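**Q**
2 protein chains.
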Amino acid sequence: MLLIELLFFAYRDFIADPDAILAEFGFGRAHHRVLHFVCRRPGLRVAELLEILQITKQSLGRVLRQLIAEGYIEQRSGEHDRRERLLFATERGQALFAKLAEPQLRRVSRALRASGPEGAEIIQQFFLDMIKQDNRAHVCDVLLGGSAQSSLGEPLGLDDAGDET
Amino acid sequence: MLLIELLFFAYRDFIADPDAILAEFGFGRAHHRVLHFVCRRPGLRVAELLEILQITKQSLGRVLRQLIAEGYIEQRSGEHDRRERLLFATERGQALFAKLAEPQLRRVSRALRASGPEGAEIIQQFFLDMIKQDNRAHVCDVLLGGSAQSSLGEPLGLDDAGDET
DNA sequence: AAGATATGTCAGCCATATTGACATATTTAC
DNA sequence: GTAAATATGTCAATATGGCTGACATATCTT
């Protein structure tokens, strides 16, 4: 029960750092999320982004339009399928991404330093196990570039049955 | 960097379980947060709740009014200071609280099982270290009922300097 | 009695999410 | 080659949950 509340407070403060920066640029959290995943997965398709963020295309549309209009993100048609709009961050987009990630990295790094090297692995595994089973493979895919079977794969192993989600 | 994204996905799914239940009751996340902390700290003052949630009284007002009108939360005047409105969950409120907490507890417990007993401590400490320094004492206070010096206190110790927040 | 404090409430604004309907370009299937 | 499916974009309306500013009330403190 304690962990539930710690997660609430930790996430609240984790989000607060970039929020302050975003406000200077006239952006909100939604812009941050979009920019983040486009930077991390250059050439992302719109449909993939929708699945990652789990929002509707209408919701994405507004923030994406702004990010494109202000030169943070570019679209290019797919080579194999020209219906697809592949998303790339411009230099300006990458710069903002880095600026937003910096305080979050600092916060995470500091907290990790206190937990030692095996601590980091335990914590990573914990987060992965917190993700819904259905999404887990997909998340591994997004984070590790397709190798769902990597060091993070096969999270809970055998005794996962009966607990769902 | 990986942890940043894992935190995003974990929180997203962590929130999704109660969201589905809340929708049946015509409530939103804001109601959940209010109900949660009132249940966890019976007799909470409005001002304390505002500080925990870090929202304005106007934002709180709307959801609190609904929760009171529908019989999930009660107000009683403070004994020493009758201006204060102390908040208590009714039986109905406690029932909903339990119903909302159940899937979250299940998810957390399952993830913790995989990390062993010392894993649980490492993870707790990690979350605590993720909270802004300014808020940390206050959070300990809220979570542990006043003993900021408990097993969770003094998080990062000495080498915390220079990293702020 | 005057001022500070705890709370409540009205009104309006903004960001971000939703649904439903429809438009366009392109690929795939028959 | 036409028809259907797909990827994307966009319009309009609506809901939630934040915000600011202004003001009201009850109660405590001085």
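Residue numbers (our numbering), protein chains in the order written: chain A, 1 to 165; chain B, 1001 to 1165. Where is the CB? At the ideal position from N, CA and C, for every residue including glycine. Please read all numbers here as calculations on a predicted model, not as lab measurements.
(1) How is G162 of chain A classed by DSSP in three states: helix, strand or coil?
(2) Taking three-plus beta-carbon pairs below 8 Å as touching, is the stretch 44-58 of chain A in contact with the stretch 102-120 of chain A?
(3) Taking C-beta pairs closer than 9 Å, name the residues in chain A that G1119 of chain B reaches, listed in chain order.
(4) Between M1 of chain A and the rest of its own chain, which residues show a CB-CB distance below 8 Å, the 5 nearest in sequence each way excluded?
(5) Is A20 of chain A helix, strand or coil by DSSP?
(6) Does the CB of Q75 of chain A have a neighbour CB from chain B at under 8 Å?
(7) Please tell me whether R1012 of chain B has its Cβ less than 8 Å away from any Cβ of chain A.
(8) For A69 of chain A, which residues from the same chain have a beta carbon less than 8 Å from its beta carbon, with the 5 sequence-adjacent residues on both sides left out?
(9) Is DSSP giving I73 of chain A helix, strand or coil here?
(10) Using a Cβ-Cβ cutoff of less than 7 Å, which residues in the same chain neighbour R41 of chain A once the five nearest sequence positions on both sides are dropped?
(11) In three-state DSSP terms, what is F126 of chain A?
(12) What are the start and end residues of the beta strand (DSSP E) that includes A1089 of chain B?
(13) Is there a C-beta anywhere in chain B that falls below 8 Å from the one on L64 of chain A?
(14) Going by the DSSP bridge assignment, what does L1049 of chain B pair with across the sheet?
(15) The stretch 1048-1072 of chain B: which residues have C-beta closer than 8 Å to a C-beta of chain A, in chain order?
(16) Under 9 Å between beta-carbons, which chain A residues line up against A1213 of chain B? List them in chain order, please.
(17) Which residues in chain A sit within 8 Å of K1132 of chain B, going by Cβ to Cβ distance?
(18) For L1022 of chain B, return the contacting residues in chain A, with the cut-off set at a CB-CB distance below 9 Å.
(19) What separation, rounded to the nearest whole angstrom, lies between the Cα atoms of A148 of chain A and A137 of chain A?
(20) Who are the near neighbours of I1073 of chain B in its chain, counting only those whose CB is closer than 8 Å to its CB and skipping five residues on each side?
(21) If you draw a straight line from the C-alpha of A1030 of chain B to the C-alpha of K1099 of chain B, how long is it?
(22) Return the CA-CA distance between L1144 of chain B and E1005 of chain B, expressed in angstroms with no decimal places.
(23) Using a C-beta cutoff of 8 Å, does L1105 of chain B count as contacting chain A?
(24) So what does A35 of chain A bridge to, in DSSP terms?
(25) Against chain B, with Cβ distances strictly below 8 Å, would V34 of chain A count as a contact?
(26) List the residues of chain A that L1100 of chain B touches, going by C-beta distances under 8 Å, in chain order.
(27) Taking all protein chains shown into account, decide if A95 of chain A is buried (16 or more other Cβ within 10 angstroms of its Cβ) or exposed.
(28) Identify the residues that DSSP records as bridge partners of L3 of chain A: which are they?
(29) For K1132 of chain B and H1080 of chain B, what's the separation of their Cα atoms in angstroms?
(30) In the DSSP assignment, what residue or residues form a beta bridge with L143 of chain A?
(31) If you measure from the beta carbon of E84 of chain A to each beta carbon in chain B, is any gap under 8 Å?
(32) Measure the C-alpha to C-alpha separation of I1015 of chain B and R1076 of chain B and round it to an integer number of angstroms.
(33) Could you give the C-beta distance for L7 of chain A and Y1011 of chain B, rounded to a whole number, given that I count them as a contact under 8 Å?
**A** Quick answer:
(1) One-based indexing of the first sequence puts residue 162 of chain A at position 162. Residue confidence for G162 of chain A is low, a pLDDT of 49 falling below 50, so the modelled location carries little weight; the figure read from the coordinates is stated next. In this structure, G162 of chain A counts as coil in the three-state DSSP scheme.
(2) no
(3) For this step, residue 1119 of chain B is matched to residue 119 along the second sequence. Those within 9 Å of G1119 of chain B in chain A are G119, I122, I123, Q125 and F126.
(4) Walking along the first sequence from the start, residue 1 of chain A turns up at place 1. Contacts found: none.
(5) Counting from 1 along the first sequence, the entry for residue 20 of chain A is found at position 20. A20 of chain A: helix per DSSP, three-state reduction.
(6) Taking the first sequence and counting its residues from 1, one reaches residue 75 of chain A at position 75. False, the Cβ-Cβ gap to chain B never drops below 8 Å.
(7) The residue you call residue 1012 of chain B lines up with position 12 of the second sequence. Yes, its Cβ sits closer than 8 Å to a Cβ of chain A.
(8) Position 69 of the first sequence, counted from the start, is the residue given in the question as residue 69 of chain A. Taken in chain order, the list of residues that qualify is empty.
(9) One-based indexing of the first sequence puts residue 73 of chain A at position 73. Strand, per DSSP.
(10) One-based indexing of the first sequence puts residue 41 of chain A at position 41. Within the same chain, R41 of chain A has close Cβ partners V142.
(11) As a working mapping, residue 126 of chain A is identified with position 126 in the first sequence. Correct three-state label for F126 of chain A: helix.
(12) The sequence position of residue 1089 of chain B within the second sequence is 89, counting from 1. R1085 to A1089 is the extent of the beta strand (DSSP E) around A1089 of chain B.
(13) For the purposes of this step, residue 64 of chain A is taken as residue 64 along the first sequence, with counting starting at 1. Answer no: the Cβ-Cβ gap between L64 of chain A and chain B never drops below 8 Å.
(14) Here residue 1049 of chain B corresponds to residue number 49 of the second sequence, with the count starting at 1. DSSP lists no partner for L1049 of chain B.
(15) Q1054
(16) Summary: the structure shown does not reach residue 1213 of chain B, with chain B confined to residues 1001 through 1165, and so no result is reported for it.
(17) By 1-based counting over the second sequence, the position of residue 1132 of chain B is 132. Within 8 Å Cβ-Cβ: D13 and A16.
(18) Within the second sequence, the letter at position 22 stands for residue 1022 of chain B. Residues of chain A passing the Cβ test: none, with the nearest at roughly 15 Å.
(19) Counted from its first residue, the first sequence places residue 148 of chain A at position 148. Counted from its first residue, the first sequence places residue 137 of chain A at position 137. Confidence in A148 of chain A is poor, its pLDDT being 44 and thus under 50, which makes the residue's placement too unreliable to answer from.
(20) On the second sequence, residue 1073 of chain B is found 73 positions in, with the first residue counted as 1. Closer than 8 Å at Cβ, skipping near neighbours: V1034, L1035, V1038, L1064, L1067, L1087, F1088, A1089, T1090 and G1093.
(21) In the second sequence, counting from the first residue as 1, residue 1030 of chain B sits at position 30. In the second sequence, counting from the first residue as 1, residue 1099 of chain B sits at position 99. The alpha-carbon atoms of A1030 of chain B and K1099 of chain B are separated by roughly 16 Å.
(22) Walking along the second sequence from the start, residue 1144 of chain B turns up at place 144. Walking along the second sequence from the start, residue 1005 of chain B turns up at place 5. Going from the Cα of L1144 of chain B to the Cα of E1005 of chain B covers about 29 Å.
(23) Within the second sequence, the letter at position 105 stands for residue 1105 of chain B. For L1105 of chain B, the answer is yes, since a Cβ of chain A falls inside 8 Å of its Cβ.
(24) Here residue 35 of chain A is taken as the residue at index 35 of the first sequence, counted from 1. Before going further, note that residue 35 of chain A is Leu rather than Ala in the sequence given. DSSP output for L35 of chain A lists no bridge partner at all.
(25) Taking the first residue of the first sequence as 1, we reach residue 34 of chain A at position 34. So, not an interface residue.
(26) Residue 1100 of chain B sits at position 100 when you count from the first residue of the second sequence. Ordered by position in chain A, no residue passes the 8 Å Cβ test against L1100 of chain B, which lies about 10 Å from the chain.
(27) Start at 1 with the first residue of the first sequence, and residue 95 of chain A comes out as number 95. It counts as exposed.
(28) Mapped onto the first sequence, residue 3 of chain A falls at position 3. None, per the DSSP bridge assignment.
(29) For this step, residue 1132 of chain B is matched to residue 132 along the second sequence. For this step, residue 1080 of chain B is matched to residue 80 along the second sequence. Across the structure, K1132 of chain B and H1080 of chain B are spaced so that their CA atoms are roughly 33 Å apart.
(30) Here residue 143 of chain A refers to the residue found at position 143 of the first sequence. Paired residues: none, contrary to the question.
(31) For the purposes of this step, residue 84 of chain A is taken as the residue at position 84 of the first sequence. No, E84 of chain A does not count as interfacial toward chain B.
(32) As a first step, residue 1015 of chain B must be located in the second sequence, where it is residue number 15. As a first step, residue 1076 of chain B must be located in the second sequence, where it is residue number 76. Rounded to whole angstroms, I1015 of chain B to R1076 of chain B spans 30 Å at the Cα level.
(33) For the purposes of this step, residue 7 of chain A is taken as residue 7 along the first sequence, with counting starting at 1. For the purposes of this step, residue 1011 of chain B is taken as residue 11 along the second sequence, with counting starting at 1. Correct: roughly 7 Å between the Cβ atoms.
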